Amino acid sequence: MINQILNADCFSVLPEIPEGSIDSIITDPPYKKSLQDIYADWNDGLDWNRIAIEFDRVLKPSGQLALFCDWTTGQMMTTALRDRFKFRFIWIWQKSTAQPINKKMPLSEVELIAVYSKKKSRLKDLTFNWKDIAEHGEPYRRTFDRQNNTRKPIKPYISESNGIKYPRQILNFPSKCNMVKSERLPDFPCQKPLGLCGYIVKALSNPGDLVCDPFSGSGTTAIACHRLNRNFICIERDPKYYAESVKRLKNELAQGNLFAKNETSPTGLNDLERINTNVPIMTENCLNPV
Ligand SMILES: C[S@@+](CC[C@H](N)C(=O)[O-])C[C@H]1O[C@@H](n2cnc3c(N)ncnc32)[C@H](O)[C@@H]1O
């Protein structure tokens, strides 16, 4: 099943995966957003207590779990996972387009990615490749004179940087309607940006690692893993989305890794370059929910 997208219910596949064999689980389970009708049947049978047991069983002690969620689902998941996983941190995906939900709240413009480690994991064993996701700025060396109330001189404070900035929590990636045309799948309602999935894969796994996405939808995690030389096991229950994701993966394999470096968005920045570049937020309604 390695490097395949499987058309199955994840509850039947996860028990087949050997214990402690997965380096990282990066997934986007169904969660309620504005268009609840679309998601209604996706939530059917989603037993988070079972998910917690299976995730805990398949994940290596050093492995981490990254879950796309909104605030409500995030709280529910954290409660369901709490006996086996500890919450570590949250990334905030700031979208390029904000959606109105109703007139009693602000526009909805962020989604969350909650990251957990196994309960007994040790911090030093966890993979977090911060240099691979760091922003690169100008190197600098600044000298600050320090106030001194005594006669004894004190050395100035020197701040130095090689230009590598520690990664931030707020990640700017395009909403579905602003994704590059070649990446956007018209019939899939909640496709995540490839650049964002790539960012998470890079941060939480190493080349050659095995990443599992049990709710793989249009196969974004599989494509990101392929481009970044990670192995994957992806599972999608819906035959239509499964077929679309397999087609997408086949196209990707046919093209090799060539266009990963060349493809640019309408703003001229590729997805990974858009991180924290303050892409302006457009307030128009987006017909394709992400
Ligand atoms: C939010 S979407 C994932 C989108 C994905 N991140 C992408 O970029 O395309 C969630 C997916 O989980 C699938 N799903 C729901 N329950 C499932 C289950 N029990 N087993 C496998 N897939 C399931 C749904 O069909 C849906 O395609």
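Those letters in the sequence shown? Residues -7 to 282, by our numbering. Here a beta-carbon is modelled for each residue, glycine too, at the ideal position from N, C-alpha and C. Being a predicted model, the structure only gives us computed values, none of them experimental.
Nearest residue (CA-CA) to D137, options G129, D39, P148:
Here residue 137 refers to the residue found at position 145 of the sequence shown. When each option's Cα is compared against that of D137, the closest is P148.
What is the DSSP secondary structure of S4, reduced to helix, strand or coil?
The residue you call residue 4 lines up with position 12 of the sequence shown. Looking at S4 - three-state DSSP - the assignment turns out to be helix.
Per the DSSP calculation, E103 is bridged to which residue(s)?
In the sequence shown, counting from the first residue as 1, residue 103 sits at position 111. For E103, which the question treats as bridged, DSSP gives the partners W85.
DSSP state of Y108 mapped onto helix, strand, coil:
Walking along the sequence shown from the start, residue 108 turns up at place 116. Strand at Y108.
For M68, which residues in the same chain have their Cβ closer than 8 Å to its Cβ, ignoring the five residues on either side in sequence?
As a working note, residue 68 is residue 76 in the sequence shown. The residues are W40.
Residue burial classification, R229 (beta-carbon count within 10 angstroms, cutoff 16):
Stepping through the sequence shown from its first residue, residue 229 is reached at position 237. Burial call: buried.
8 Å contact criterion, which D124 and K194 should meet: CB distance rounded
The residue you call residue 124 lines up with position 132 of the sequence shown. The residue you call residue 194 lines up with position 202 of the sequence shown. Yes, they are in contact, since the Cβ atoms of D124 and K194 sit about 5 Å apart, within 8 Å.
DSSP three-state assignment for V203, whether helix, strand or coil:
Position 211 of the sequence shown, counted from the start, is the residue given in the question as residue 203. Of the three classes helix, strand and coil, the one that applies to V203 here is strand, per DSSP.
Do Q86 and L186 count as a contact pair if the criterion is CB distance below 8 Å?
Here residue 186 refers to the residue found at position 194 of the sequence shown. Here residue 86 refers to the residue found at position 94 of the sequence shown. No, Cβ-Cβ distance for L186 and Q86 is not below 8 Å.
I'd like to confirm something about D15: is its beta-carbon nearer than 7 Å to some heavy atom of ligand 1, or not?
Taking the sequence shown and counting its residues from 1, one reaches residue 15 at position 23. Checking every heavy atom of ligand 1 against the Cβ of D15, none is found closer than 7 Å.
Local Cβ density within 10 Å of H218, reported as buried at 16 or more and exposed below that:
Within the sequence shown, the letter at position 226 stands for residue 218. Buried, since its Cβ has 16 or more Cβ neighbours within 10 Å.
For a test of your reading of the model: does the CB of Y191 fall under 7 Å from any non-hydrogen atom of ligand 1? Yes or no.
Here residue 191 is taken as the residue at index 199 of the sequence shown, counted from 1. No; taking the cut-off as 7 Å, the Cβ of Y191 has no heavy atom of ligand 1 nearer than that.
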